[in-house]
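Oh and the sequence shown: position 126 is 939 in this note's numbering, straight run, nothing missing.
For reference, the structure discussed in these notes is given below.
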Amino acid sequence: MGLTRLLLPPPRWRVLLLATLLMLWPVQGSLFNGLGGHLLQFGLSGLGLVPLAIVLSQLVEELVEHLGARLGGLVSVVFGNVVELLVAINALSSGLYPLVVTSIAGSVVINCLLVLGVSIVIATREAQSLDIDPHSRDLHTQQLLMSAILLALPSVFYQQGLGSALQGSNQADAFSIYSALVAVMGLAYYLLALVAPLARQQQRAHQPAPRQNGTPQLSLPAVVLALALVTGLVALISDRLVGALELVVEGSDLNALFVGLFLLPLFSCLSEALVAFKAASRRQMQLVMTSTVESSLQLLLFVLPLLVLVGMPMGRYLHLSLPPVALASLAIAIVMIGRITDNRNVDWYEGVQLIVLFAAMATGALLLVKP
């Protein structure tokens, strides 16, 4: 990968850098007044995140070249969903607890239903069906089920009147402590599942594996500096995104559940969707599953627990609980993933099923749930 290609998104996405630059313009706030202006700012902020997310993924690949497979794999976990993480941290710092939890669940729903469904249709457009790796499928299905149970338990306890606020509180209480303990359990479970295969692989191979992408184009300090700079830009634009979204919710009839579960995650999931669609066009189903299902696992077992722990020093106590509609949507998405992959292959009709199911969920949340 050339130096220019490393520090810039692919040519077809560079036009979105205009949105990025506009959102970084110090005096741009005067351009967005009223509900229409806030909607425009929200849309431009989301589009402005896309090229930054693509550059981040390119820099992470470069960093993996320096660190090797083991440390590189851990770094990939941290930066794999950095856009979702930074957007959620900005929402958490503003006390928008419902948006934080439901946006993570919404990202999973979009990845597992909409993005995976479209990817399957693209991949099988000229084939009856495509095989998927059975070992990865079984492992991912088990982990998705475990993550759903870990998130459902606090929600069940809340429904029994054991919590004072559904998604979060500015004061520590028993439910906050319980959420933190469950978050630690989820992180430990995910890191164990991540590190154990790497340790077994290291025991089998005494020599380092050959690098697949060639010689790194940047030195290690330069890569780290570039990562820090791009991450800072993502944090700045995500703050604009969350601020605009808060104004949109206040000035319109959109309900917070629809915004958090479907609208906000559309932008944060866009970079993973682009990777999945490109892989699907090449019939690389393993990469499609990584960009959708494995990314969803990171969100539920790494990003969401991390948000609970990060919020505590900020005085923002995030609760691991979801409203019934969001919890049901998440559970349905996970059940559908297990159902369509249980025969170790997928076809275009199963992709259509996922898309239709997502459309039904989004329409119901938009039309039936009151603000």
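All C-beta atoms, glycine included, are put in the ideal place defined by N, C-alpha and C.
Here the structure is a predicted model, which means the values were calculated and not measured.
Check                                                                                                                                                       : Outcome
Please name the residue in L1007, E897, P824 whose C-alpha comes closest to that of L1117.                                                                  : E897
Is the beta carbon of G1177 less than 9 Å from the beta carbon of V1138?                                                                                    : yes
Which term fits D1052, buried or exposed, when burial requires 16 or more other beta carbons within 10 angstroms of its beta carbon?                        : buried
Touch check for the segment 953 to 970 and the segment 1090 to 1099: three-plus C-beta pairs under 8 Å?                                                     : no
Classify G908 as helix, strand or coil using the three-state DSSP reduction.                                                                                : coil
Quick check: the Cα distance between T833 and N894, rounded to an integer number of angstroms?                                                              : 19 Å
Would the beta-carbon of A993 fall within 9 Å of that of L1170?                                                                                             : no
What three-state label does DSSP hand G981 in the structure shown?                                                                                          : strand
Express the C-alpha separation of E878 and P1021 in angstroms, rounding to a whole number.                                                                  : Because P1021 sits at a pLDDT of 46, beneath the cut-off of 50, its placement in the model cannot be relied upon, and the following sentence gives the value as read from the coordinates. When rounded, the distance between both Cα atoms is 12 Å.
Would you mind listing the beta strand (DSSP E) stretches within the segment 847 to 888 that are 3+ residues and don't spill past its ends, in chain order? : none
Assuming H953 and V1159 form a contact by the criterion Cβ under 8 Å, report the distance between their Cβ atoms to the nearest whole angstrom.             : The pair is not a contact, with the Cβ atoms about 14 Å apart (cut-off 8 Å).
Between which two residues does the alpha helix (DSSP H) carrying G1064 extend?                                                                             : 1033 to 1064
Report the option in A1057, Y1162, P1078 whose CA atom is closest to the CA atom of L848.                                                                   : A1057
Alpha carbon to alpha carbon, how far is L1033 from V868? Give it in angstroms, no decimals.                                                                : 16 Å
From A918 to V928, what distance separates their C-alpha atoms?                                                                                             : 14 Å
Judging by CA-CA distance, which residue of W1161, A1175, R1129, A1006 is the nearest neighbour of Q956?                                                    : A1006
Under a three-way DSSP split, which group does L943 fall into?                                                                                              : strand
Quick check: the Cα distance between V900 and K1183, rounded to an integer number of angstroms?                                                             : 25 Å
Do you know offhand how far A936's Cα is from P1078's?                                                                                                      : 24 Å
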